[in-house]
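Numbering (the working numbering), first residue to last: 4 to 202. Below is one structure, written out as structure tokens; comments come after it.
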Ligand SMILES: Cc1cc2nc3c(=O)[nH]c(=O)nc-3n(C[C@H](O)[C@H](O)[C@H](O)COP(=O)(O)O)c2cc1C
């Protein structure tokens, strides 16, 4: 699919591609994205997280606030995201500033999660050393008991983050490696400058 032009609003463009990816059953998990942060020594660190929502305020994921990624973001609240929709031969790259979502939004999302995931969030000290799997499973049992017959509240060490983009690139594979690339950069007047890049 040749890209003659892209939408002047990058969020609209993302929505078009996201919806197209969603229609193709063989795309495994379209919301999978690579999140890269920078550690205290300036070294990049990447891991996959799941996109839970997106709008013009940014792209939201949820995680444990004591995790490695959050320690990075506390010191350096900038991140990049990268989506790869293999069946459509597409990539989307995003650079943006990261901020924590409101507690009310995190509460609402946490409440919508399956009970097992809610217990998992309580039981996991994400990114800390774990001596054995038994210890983790024992914590799961303990929290199941603790919250038996009641709604499970969101742990105060678990929340969401929004990556608000200042740069977004849409990449479409083409023959002979002559790929289409459109890059949006946020300008001082809040408009988006769009340029085509060499493949
Ligand atoms: C498909 C997939 C989806 C994942 N989704 C999330 C997620 O939404 N939030 C999260 O904290 N970790 C998620 N993880 C686990 C992370 O990749 C990572 O192991 C974890 O967040 C710890 O990262 P950190 O030590 O860099 O903080 C996911 C992993 C995979 C493979």
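We put the CB at the ideal spot given by N, CA and C, even for glycine. Being a predicted model, the structure only gives us computed values, none of them experimental.
Residue i vs residue j beta-carbon contact at 8 Å
{"i": "residue 170", "j": "residue 188", "result": "yes"}
{"i": "residue 41", "j": "residue 67", "result": "no"}
{"i": "residue 146", "j": "residue 69", "result": "no"}
{"i": "residue 140", "j": "residue 127", "result": "no"}
{"i": "residue 163", "j": "residue 104", "result": "yes"}
{"i": "residue 4", "j": "residue 186", "result": "no"}
{"i": "residue 157", "j": "residue 109", "result": "yes"}
{"i": "residue 64", "j": "residue 76", "result": "no"}
{"i": "residue 33", "j": "residue 21", "result": "yes"}
{"i": "residue 46", "j": "residue 165", "result": "no"}
Bridge partner(s) assigned by DSSP for residue i
{"i": "residue 36", "result": "52"}
{"i": "residue 164", "result": "64, 103"}
{"i": "residue 82", "result": "99"}
{"i": "residue 185", "result": "173, 199"}
{"i": "residue 93", "result": "88, 175"}
C-alpha gap between residue i and residue j, whole angstroms
{"i": "residue 123", "j": "residue 137", "result": "14 Å"}
{"i": "residue 57", "j": "residue 155", "result": "26 Å"}
{"i": "residue 149", "j": "residue 125", "result": "11 Å"}
{"i": "residue 195", "j": "residue 172", "result": "12 Å"}
{"i": "residue 96", "j": "residue 113", "result": "27 Å"}
{"i": "residue 180", "j": "residue 85", "result": "20 Å"}
{"i": "residue 197", "j": "residue 10", "result": "9 Å"}
{"i": "residue 177", "j": "residue 115", "result": "40 Å"}
{"i": "residue 16", "j": "residue 48", "result": "27 Å"}
{"i": "residue 111", "j": "residue 152", "result": "19 Å"}
{"i": "residue 7", "j": "residue 106", "result": "42 Å"}
Which of helix, strand or coil DSSP assigns to residue i
{"i": "residue 145", "result": "helix"}
{"i": "residue 129", "result": "coil"}
{"i": "residue 192", "result": "coil"}
{"i": "residue 16", "result": "helix"}
{"i": "residue 41", "result": "strand"}
{"i": "residue 46", "result": "coil"}
{"i": "residue 58", "result": "strand"}
{"i": "residue 159", "result": "coil"}
{"i": "residue 113", "result": "helix"}
{"i": "residue 22", "result": "helix"}
{"i": "residue 71", "result": "helix"}
{"i": "residue 134", "result": "coil"}
Beta-carbon proximity list for residue i, same chain, < 8 Å, skipping 5 on both sides
{"i": "residue 51", "result": "35, 36, 37, 38"}
{"i": "residue 131", "result": "69"}
{"i": "residue 19", "result": "10"}
{"i": "residue 190", "result": "196"}
{"i": "residue 182", "result": "174, 175, 176, 202"}
{"i": "residue 143", "result": "122, 123, 126"}
Heavy atom of ligand 2 within 7 Å of residue i beta-carbon
{"i": "residue 44", "result": "By its list of ligands, the structure shown excludes ligand 2, since it contains just ligand 1."}
Contact set for residue i: own chain, Cβ-Cβ below 6 Å, skip 5 residues either direction
{"i": "residue 192", "result": "none"}
{"i": "residue 94", "result": "87, 174"}
Cutoff 7 Å; reference residue i; Cβ partners in own chain excluding five residues on either side
{"i": "residue 72", "result": "38, 40, 50, 66"}
{"i": "residue 184", "result": "172, 174, 199, 200, 202"}
{"i": "residue 43", "result": "78"}
{"i": "residue 60", "result": "165, 167"}
Residue-level contact to chain D via CB, residue i, 8 Å cutoff
{"i": "residue 17", "result": "Among the chains in the structure shown there is no chain D, since it carries only a single protein chain."}
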